[in-house]
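This note's numbering applies: residue 7 is where the sequence shown begins, and numbers increase by one. Every residue, glycine too, gets a C-beta built ideally from N, C-alpha and C. Keep in mind the model is a prediction, meaning the values are calculated, not measured. To keep things clear, I will list the structure first and then write my remarks on it.
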Amino acid sequence: MGKTLFDKIWDAHVVHQNTDGADILYIDRHFIHEVTSPQAFDGLKKRGIGIFRPQQTVATADHNVPTTNQHLPIVEEQSRKQVTQLIQNCNDFGLELYGLGHPYQGIVHIIGPELGITQPGSTYVCGDSHTATHGAFGSIAFGIGTSEVEMVFASQTLPQVKPKTMRITVSGTLEPFVTAKDVILYIISKLSAKGGTGFFVEYAGEAIRSLSMEGRMTICNMSIEMGARGGLIAPDKTTFEYIKNRPFAPKNSLWDKAQAYWETLYTDEDALFDAEYTFDASEIKPMVTYGTNPGMGIAIDALVPYQSDFEDASDKLMLKKALEYMDFHEGQSLEGLKISHVFIGSCTNGRIEDFRAAAKLIKGKKVSSEVTAWFVPGSKQVEAACKAEGITQIFEEAGIYLRQPGCSACLAMNEDKVPAGKYCVSTSNRNFEGRQGPGARTILASPLTAAAAAIMGVITDPRKLA
Numbered sequence: 007m008g009k010t011l012f013d014k015i016w017d018a019h020v021v022h023q024n025t026d027g028a029d030i031l032y033i034d035r036h037f038i039h040e041v042t043s044p045q046a047f048d049g050l051k052k053r054g055i056g057i058f059r060p061q062q063t064v065a066t067a068d069h070n071v072p073t074t075n076q077h078l079p080i081v082e083e084q085s086r087k088q089v090t091q092l093i094q095n096c097n098d099f100g101l102e103l104y105g106l107g108h109p110y111q112g113i114v115h116i117i118g119p120e121l122g123i124t125q126p127g128s129t130y131v132c133g134d135s136h137t138a139t140h141g142a143f144g145s146i147a148f149g150i151g152t153s154e155v156e157m158v159f160a161s162q163t164l165p166q167v168k169p170k171t172m173r174i175t176v177s178g179t180l181e182p183f184v185t186a187k188d189v190i191l192y193i194i195s196k197l198s199a200k201g202g203t204g205f206f207v208e209y210a211g212e213a214i215r216s217l218s219m220e221g222r223m224t225i226c227n228m229s230i231e232m233g234a235r236g237g238l239i240a241p242d243k244t245t246f247e248y249i250k251n252r253p254f255a256p257k258n259s260l261w262d263k264a265q266a267y268w269e270t271l272y273t274d275e276d277a278l279f280d281a282e283y284t285f286d287a288s289e290i291k292p293m294v295t296y297g298t299n300p301g302m303g304i305a306i307d308a309l310v311p312y313q314s315d316f317e318d319a320s321d322k323l324m325l326k327k328a329l330e331y332m333d334f335h336e337g338q339s340l341e342g343l344k345i346s347h348v349f350i351g352s353c354t355n356g357r358i359e360d361f362r363a364a365a366k367l368i369k370g371k372k373v374s375s376e377v378t379a380w381f382v383p384g385s386k387q388v389e390a391a392c393k394a395e396g397i398t399q400i401f402e403e404a405g406i407y408l409r410q411p412g413c414s415a416c417l418a419m420n421e422d423k424v425p426a427g428k429y430c431v432s433t434s435n436r437n438f439e440g441r442q443g444p445g446a447r448t449i450l451a452s453p454l455t456a457a458a459a460a461i462m463g464v465i466t467d468p469r470k471l472a
């Protein structure tokens, strides 16, 4: 019997099999940031040991950093403390840090791919669930806890029980104005926020293969939002072209050798998955969420569901609580709902392609005077590309100031917080209660839908602004 792509990568990284069923997995790259690393560094200090392979650790500051005036000391005390601690720890343990002011600084899941650090057939971990993003390159990537961060520091390995595998195929072609974000919100709405629990998901099919690398990263990024351990997509010509000539990509003969290996990374035709789902791309429309988890999503022209649409009592109760928090009601249309904030950014949609798409829709228009718009690039390189391509100017002419890189209003660990009771159309990945600030109400959407909402001041189908 053949192997899945996941099996091939996993088996190539097992250095020992424990008698308890766990495999000791070799980790090729360890990404760290200021939020989940301090306790791990403290653990190393208490044990009097160093980092086993420091050259395989990549450090950046992202969650707590402000998105304005990054040349000045951080004002918010807790954020300043965490970023300062990261700088000190990296100095103490000899790690290179892409901190504020560094041309490679940015969100950890954006800088790895854009620098060519993320490559097919490798294993990646980070103390952050959205590490799943890196699976877009045909790699195994997943989030880990703080104690596991310390373990990887000390040994470059991690004991893991091999998860089950799921394949999700999206057949056919996507309609205009339907993006990767809409695809993954659609999938999660069909499978629920717990539908991928216990699985590692491979995405396949014509619609997936037609996506750019930025789109594929958006898909894999949100695998965790349906409970999956991670997601991955087999590498192909699109993958190779994206990586080639990036700063950390293999060069010359090493490139040829690497690509020859990467071309072997696909699921064999006779391989079996533990679960399979297939969706038709033509049925996917621009999506928005109405509730308090990413599985509560509908097409933008659909109505908020009724409790009677659900069979399970817990699902009915979950809907009731979500609608109370969001101040929505059953059968309501969200189109035309007045909003006060728009956020384009995050590790889900803070890449250059996202800002190109938003700029194309916004060019020549003005943003509503009643909307606070936070457009936050995911990295210094995205920020520079926006300026070089004239995107920054388009935004400024529309009344939008492009901020500086960071996680920003995705999780509100800096000053970018949505006020209580206000609605924010957000390209981030989570709409949990209080995710963007205490009492904030988050509506997840694509960059196109977010841009349309910024212009009109209400939730707007981007197809109507074409």
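DSSP three-state label for residue i, please.
i                 : result
cysteine 96       : helix
threonine 273     : coil
methionine 462    : helix
glutamine 61      : helix
tyrosine 209      : strand
glutamate 102     : coil
proline 300       : coil
alanine 281       : strand
alanine 138       : helix
glycine 133       : coil
proline 383       : coil
lysine 257        : coil
lysine 2          : The displayed coordinates of the chain run from 7 to 472. Any statement about residue 2 would go beyond what the structure contains.
valine 176        : strand
phenylalanine 349 : strand
arginine 222      : helix
aspartate 48      : helix
tyrosine 110      : coil
cysteine 430      : strand
aspartate 68      : coil
At the level of alpha carbons, what is the spacing between residue i and residue j?
i              : j              : result
aspartate 280  : valine 167     : 15 Å
threonine 455  : serine 229     : 21 Å
glycine 342    : alanine 426    : 20 Å
alanine 404    : alanine 460    : 10 Å
serine 374     : valine 464     : 9 Å
tryptophan 380 : lysine 393     : 16 Å
arginine 362   : methionine 7   : 44 Å
glutamate 181  : serine 85      : 42 Å
isoleucine 304 : proline 253    : 40 Å
glycine 28     : valine 20      : The residue you asked about is not glycine; residue 28 is alanine in the sequence shown. For alanine 28 and valine 20, the distance between alpha carbons rounds to 10 Å.
alanine 472    : aspartate 34   : 44 Å
glutamine 111  : proline 169    : 33 Å
lysine 257     : lysine 263     : 10 Å
asparagine 75  : isoleucine 400 : 21 Å
Less than 8 Å between the beta carbons of residue i and residue j, yes or no?
i                : j              : result
proline 468      : isoleucine 350 : no
methionine 302   : tyrosine 192   : no
phenylalanine 99 : proline 60     : yes
valine 131       : threonine 66   : no
glycine 118      : threonine 124  : yes
threonine 244    : threonine 354  : no
methionine 232   : leucine 197    : yes
asparagine 1     : leucine 417    : Nothing can be reported for residue 1: it is not among the residues displayed for the chain, which extend from 7 to 472.
aspartate 315    : lysine 291     : no
proline 411      : lysine 386     : yes
isoleucine 15    : serine 153     : no
lysine 423       : glutamine 442  : yes
Would you mind working out which of the options sits nearest residue i, comparing C-alpha positions?
i                : options                        : result
leucine 121      : Gly384, Ala404, Ser339, Gly149 : Gly384
lysine 87        : Pro165, Pro72, Leu101          : Pro72
phenylalanine 12 : Phe246, Ala277, Ala266         : Ala277
alanine 213      : Glu289, Val155, Gln162, Ser195 : Glu289
tyrosine 429     : Asn420, Phe334, Leu408, Glu389 : Phe334
isoleucine 368   : Thr398, Thr298, Lys386         : Thr398
glutamate 40     : Phe58, Val20, Gln91            : Gln91
glycine 337      : Asp188, Asp315, Pro311         : Pro311
isoleucine 116   : Ser216, Phe246, His69          : His69
leucine 408      : Trp268, Ala390, His136, Lys170 : Ala390
isoleucine 345   : Gly202, Glu395, Lys263, Ser432 : Ser432
aspartate 17     : Thr129, Glu376, Gln313         : Thr129
glycine 356      : Lys9, Asn227, Pro169, Ile190   : Asn227
phenylalanine 47 : Phe159, Asp34, Glu330          : Phe159
threonine 175    : Glu330, Asp318, Thr42, Ala287  : Ala287
glutamate 83     : Met419, Val377, Ala364         : Met419
glutamate 421    : Thr42, Val81, Gln62, Ile30     : Val81
valine 189       : Arg447, Pro300, Lys366         : Pro300
aspartate 321    : Leu340, Lys200, Ile249         : Lys200
Measuring from the CB of residue i, is there a heavy atom of the ligand MN at a distance below 7 Å?
i           : result
glycine 463 : No copy of the ligand MN appears in this structure; indeed no ligand is present at all.
On the three-pair Cβ rule with 8 Å, is the region 78 to 98 touching the region 130 to 144? The region 78 to 98 makes no contact with the region 130 to 144, as fewer than three CB pairs between them are under 8 Å.
Does the region 189 to 206 come close enough to the region 231 to 245 to have 3 or more Cβ pairs within less than 8 Å? Touching, yes.
Decide yes or no for the touch test of the region 18 to 25 against the region 39 to 55: beta carbon pairs closer than 8 Å, at least 3 of them. Touching, no.
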